[in-house]
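Quick note on numbering: the sequence shown equals residues 126 to 204 in my numbering. Built from N, CA and C at the ideal position, the CB exists for glycine as well. Note that the structure is a prediction, hence the values are computed from the model and not measured. Down below is the structure, laid out as structure tokens.
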Amino acid sequence: MLADLLLDANRPGEALAWYERTLGHAPNRFNSLIGTGRAAEALGDVSRARSSYARLLSIVAPTANRPELAQVRSIMRAR
126 MLADLLLDAN
136 RPGEALAWYE
146 RTLGHAPNRF
156 NSLIGTGRAA
166 EALGDVSRAR
176 SSYARLLSIV
186 APTANRPELA
196 QVRSIMRAR
């Protein structure tokens, strides 16, 4: 996905725009929600990151066991 490449290229503002565009078509897309959170964090927008992570956690099963979720849960507990 283009947004992932932009985030990897240290272009979080552009990545965020593409993640949000994708969420307009698929509002519960896992990769776009986590990407939105990561891009927002990279931009220093903690509130937006937390909102994205909270939305992600609200749509996955509490027992879901993806490595990305462990990281998100840790971030949400720490703040």
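Please identify the residue among Q196, P187 and H150 whose C-alpha is closest to the C-alpha of A174. Of Q196, P187 and H150, the residue nearest in Cα terms is Q196.
For R175, report the span of its alpha helix (DSSP H) as first-last. Counting along the chain, R175 sits inside the alpha helix (DSSP H) bounded by residues V171 to I184.
Are T161 and E145 closer than 9 Å when you measure CB to CB? Going by C-beta atoms, T161 is nearer than 9 Å to E145.
Answer yes or no: does any C-beta atom of chain D fall closer than 9 Å to that of L148? Absent here is chain D; the protein component of the structure consists of one chain.
Burial state of L131, where buried means 16 or more other Cβ atoms lie within 10 Å: Classification for L131: buried.
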